[in-house]
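Residue numbers (our numbering): -14 to 74.
We treat Cβ as the ideally placed atom computed from N, Cα and C, and that holds for glycine.
The structure appears right after this line, and notes come after that.
Structure (structure tokens):
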């Protein structure tokens, strides 16, 4: 996924912009799992501030979580991704 959605300048808080981008990416990832008839039990999200803007503080969190059971349901992964985002921001 391109990180262009996260890079765009917006008046909304960073966690909201990241949340939208992570949610969209997670939906596509779950679709791919279903297309390949696969399941996953772990999700990892990572973010990065604009590394070319040295005037701003640099932030690069990475967090992961294990689902209670293997899944390919979008809802399970989006819920876990949003929980991870809230925990990391």
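Original post:
Between residue 24 and the rest of its own chain, which residues show a CB-CB distance below 7 Å, the 5 nearest in sequence each way excluded?
Top reply: 18, 55, 56 and 57
Subject >> Among 59, 46 and 53, nearest to residue 69 - alpha-carbon criterion >> reply: Measuring from the Cα of residue 69, the nearest candidate turns out to be 46.
**OP:** For residue 48, write down the residues that DSSP places opposite it in a beta bridge.
**Re:** 30
Original post:
Under three-state DSSP, which class holds residue 54?
Top reply: strand
**OP:** Round the Cβ separation of residue 26 and residue 52 to the nearest angstrom and send it over; I've been treating them as touching at under 8 Å.
**Re:** 5 Å
**OP:** Would you mind reading off the limits of the alpha helix (DSSP H) that contains residue 67?
**Re:** 59 to 73
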